Structure formats: C-alpha cells, structure tokens
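Scroll down for the structure; my scribbles are underneath it.
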Amino acid sequence: KHFGPAPARFAGMATTAAPVVATEGGDDGVLDSCVEAEAELAPALSNVGLREPLSTLAAEFKFNASFAAKVQDLERRGYVGWRRVRGDGNCFYRAVGFGALELIASRPAAERELL
23 KHFGPAPARF
33 AGMATTAAPV
43 VATEGGDDGV
53 LDSCVEAEAE
63 LAPALSNVGL
73 REPLSTLAAE
83 FKFNASFAAK
93 VQDLERRGYV
103 GWRRVRGDGN
113 CFYRAVGFGA
123 LELIASRPAA
133 ERELL
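Written as structure tokens, this is what we have:
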C-alpha cells in the first residue's frame, strides 16, 4: 500500500526518493529492504572513480555553454582529467584527501620524503 500525496506544505519541493511502501513488518521491514538494496548496490558503487579525460565532463554538460567554457579554461591551464566521487555526504573530504594523496604520489621520491 502506498502512502498518499505529500501534504500541501511540501507541494513544489523536489524529491529524489522513491515512493514509500508500507509493509506488514512496519518500519523494520522498510529498513530491512533498504539495507538489502544497499548491500546489492555496494559492489557497483565506487568511492573514487578512475581518471577520465576532461572531454567526458564537457560531454555530460554539453547543453550548458558557461560550464563548457569553464572546462575549456581548465584544459588551457593544463588539467588533463577528473574523477567521479561518490556523493554520500563525505564526498568533499574524500575528493580532497584523494587528490592530496595523488599529488604526493606523483612527486619524485626525493620530494615525497620532504613531505
């Protein structure tokens, strides 16, 4: 059984959640379903993706001219790629931390010892 429409105070608010389904087990049944779904998807999700060329980023936003100009500016500055980071609330820290480690690892051994 599906719950009814959202109350009027929530009208117009965007949501990305799937419809909530009532189960005989109450909230525990819904929670169990969520945990099972997350366990099935976990292997498919990556915390940090492989490096992709900037052209793939530009292709994803091909209908946004101002974003395309920003990607071209990155290419002019010498950037060659980007990585997808799982957006789960810790994505900023994961991206900055991984970027710092990647930068350190790309330095010659003599410079790494100084860090």
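In the numbering used here, the protein residues as written are 23 to 137.
In this text, a Cβ means the ideal position worked out from N, Cα and C, and glycines have one as well.
None of these values were measured; they are calculated from a predicted model.
query	result
Pair within 8 Å by beta-carbon distance, N69 and R105	no
Under the three-state DSSP convention, the category V93 falls into	helix
Classification of V93 by the beta-carbon crowding that lies within 10 angstroms, buried from 16 upward	buried
Proximal residues to R134 (C-beta, below 8 Å), its chain only, five neighbours per side dropped	I126, A127
G103, DSSP secondary structure in three states	strand
Length of the line joining the Cα atoms of R116 and A122	10 Å
heavy atom of the ligand MN below 7 Å from G121 C-beta	The model on display carries no ligand, and the ligand MN is accordingly not part of it.
Given R73 as reference, the closest of G103, E124, N112 once Cα atoms are compared	G103
Inter-residue spacing [alpha-carbon to alpha-carbon] between P75 and A132	29 Å
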